[in-house]
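J.: I'd like to ask some things about the structure below.
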Amino acid sequence: MILMLFILLSVPLGLFATWFAWRAWKVERMNVVYGMSFLAFFCFATAIIVSIWIWLAMNG
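Sequential numbering of the sequence shown, starting at 283, is according to my numbering.
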């Protein structure tokens with residue numbers, strides 16, 4: 283259930299993590315920038331992988 287919620291909310295969570303990383307970069311908190319950037323990458327990668335998987339399931 284938690285994984286399904288993460289997959290459904292991965293794009294908004296990725297956008298929030300990107301925004302938070304940008305704000306942390308402006309105040310030079312580089313550890314936060316690296317963490318939020320990793321989270322944003324993970325969120326967007328999950329969204330892309332699930333989208334490809336759904337496309338293949340529908341057309342394959």
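No residue lacks a Cβ here, since even glycine has one placed at the ideal position from N, Cα and C.
Since the model is a prediction, treat every value here as computed from it, not as a measurement.
#1: Report the rounded CA-to-CA distance for residue 302 versus residue 333, giving the unit in angstroms.
#2: Taking residue 311 as part of the alpha helix (DSSP H), name the residues at either end of that continuous run.
#3: Given this structure, state the Cα-to-Cα distance separating residue 296 from residue 340, to the nearest angstrom.
#4: Give the straight-line distance between the Cα atoms of residue 381 and residue 324, rounded to the nearest whole angstrom.
T.: This is what the structure holds:
#1: Cα-Cα distance, rounded: 25 Å.
#2: Annotation for residue 311: no alpha helix (DSSP H) segment contains it, and DSSP assigns it neither H nor E.
#3: If I take the Cα positions, the gap works out to 25 Å.
#4: Because the chain is modelled from 283 through 342, residue 381 falls outside the range shown and cannot be assessed.
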